[in-house]
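Numbering (this note's numbering) for the sequence shown: 1356 to 1449. Ideal placement from N, C-alpha and C gives every residue a C-beta, glycine not left out. Every value quoted in this text rests on a predicted model; they were computed, and no experiment measured them. Written below as structure tokens is the structure these notes are about.
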Amino acid sequence: MNEKKQPPSKTPPFEKMLDDLEKIVDRMDAEPPPGLEESLELFEKGTELSRQCRQALILAEQRVETLTKESGDPPSESEPEEENDFDDDDDKPF
């Protein structure tokens, strides 16, 4: 039971932020729709949550890359390719 306690974070856990963001989207899609002021407040909160979620994902990706490099494991085969496959239609007539 000698677990390390992490210092409290200023941002909520990723899953909570994502859940809150989904609730905002549901409210904005609700019938009857929210009024202008509520819509603006929801949009502002949603934009901030989206930014925080994106930042959390970036940090998680960086941690995975760091751990992968430290362990000496080769990159995963399932990593997305960097190239864009949309331009491969040059040889197709349609």
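- As the crow flies, the alpha-carbon of K1424 is around 28 Å from that of P1367.
- In this structure, the beta-carbon distance from Q1407 to M1383 does not fall below 8 Å.
- Secondary structure of K1371 (DSSP, three-state): helix.
- Collapsing the DSSP output to three states places G1401 in a helix.
- Linking L1391 to E1377 through their CA atoms gives a straight-line distance of about 19 Å.
- The beta carbons of D1381 and L1404 sit about 13 Å from each other, so the pair does not count as a contact at 8 Å.
- For a cut-off of 8 Å, the C-beta gap from P1387 to L1397 is around 14 Å, too long to register as a contact.
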